[in-house]
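Asks: Handing you a structure now.
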Amino acid sequence: MKEHSPNNHHTNPHPEEERTTLQQAYEALLAEKLGELDADEREALHVYCARLTEPPTPGEEIDLVTRFTADYWGTFNSVQEFVDNWAYDMEPLESVQSLLHEQSRPEAELNLAEMALVAHLAGDIEFVFTGGKVLVFTKDEA
Numbered sequence: 035m036k037e038h039s040p041n042n043h044h045t046n047p048h049p050e051e052e053r054t055t056l057q058q059a060y061e062a063l064l065a066e067k068l069g070e071l072d073a074d075e076r077e078a079l080h081v082y083c084a085r086l087t088e089p090p091t092p093g094e095e096i097d098l099v100t101r102f103t104a105d106y107w108g109t110f111n112s113v114q115e116f117v118d119n120w121a122y123d124m125e126p127l128e129s130v131q132s133l134l135h136e137q138s139r140p141e142a143e144l145n146l147a148e149m150a151l152v153a154h155l156a157g158d159i160e161f162v163f164t165g166g167k168v169l170v171f172t173k174d175e176a
């Protein structure tokens, strides 16, 4: 009877094939995530990545796409278009609410342009002007 070491049955005789398979699975998942983005979103993702202070390390791309989709508000022809399309029933940003309370000004008196401007000035929203379009992102807290 052969003696087996505790790890003999777990040893892969072809670890490079397993690594390739995992890499292929990761690439397929990344391609699927990217495939869910429309043309404007893919272009905005490119701008988003170019603005990062530290590029993602290999293997962080999927997390980056997830972060992007959470931060991306949309691509608009102007800030005014963004304001016009911002749903009024959307929960206002905390900074807008606190500023309004400090000023004792009810939200109903604030128009959408003012809300967007206050949010921008409060550092919550980033407007990126590129190619005649306005990309709108939530600012990174880091």
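Following the working numbering, the numbering of the sequence shown begins with 35 at its first residue and continues without gaps.
Ideal Cβ positions, reconstructed from N, Cα and C, are used throughout, including at glycine.
1) Looking only at C-alpha atoms, which of Phe102, Glu61, Leu151 sits nearest to Cys83?
2) What separation, rounded to the nearest whole angstrom, lies between the Cα atoms of Asn111 and Ala73?
3) Taking DSSP as the reference, what is the three-state secondary structure of Gly69?
4) Using the C-alpha atoms, what's the distance from Glu70 back to Thr100?
5) Ignore the nearest five residues each way along the sequence and tell me which others in Leu63's own chain have a CB closer than 7 angstroms to its CB.
6) Per DSSP, which one or two residues make a beta bridge with Phe171?
7) From Glu66 to Arg76, what distance separates their C-alpha atoms?
Replies: So, from the listed chains and residues:
1) Stepping through the sequence shown from its first residue, residue 83 is reached at position 49. Ranking the options by Cα distance to Cys83, first place goes to Phe102.
2) For this step, residue 111 is matched to residue 77 along the sequence shown. For this step, residue 73 is matched to residue 39 along the sequence shown. Going from the Cα of Asn111 to the Cα of Ala73 covers about 15 angstroms.
3) Position 35 of the sequence shown, counting from 1, holds the residue named residue 69. Three-state DSSP puts Gly69 in a helix.
4) Here the question's residue 100 lines up with position 66 in the sequence shown. Here the question's residue 70 lines up with position 36 in the sequence shown. Between Thr100 and Glu70, the C-alpha separation is close to 11 angstroms.
5) If you number the sequence shown from 1, residue 63 lands on position 29. Taken in chain order, the residues that qualify are Ile96.
6) Counted from its first residue, the sequence shown places residue 171 at position 137. Answer is Tyr106, Glu160.
7) Counted from its first residue, the sequence shown places residue 66 at position 32. Counted from its first residue, the sequence shown places residue 76 at position 42. If you take the alpha carbons of Glu66 and Arg76, they lie about 13 angstroms apart.
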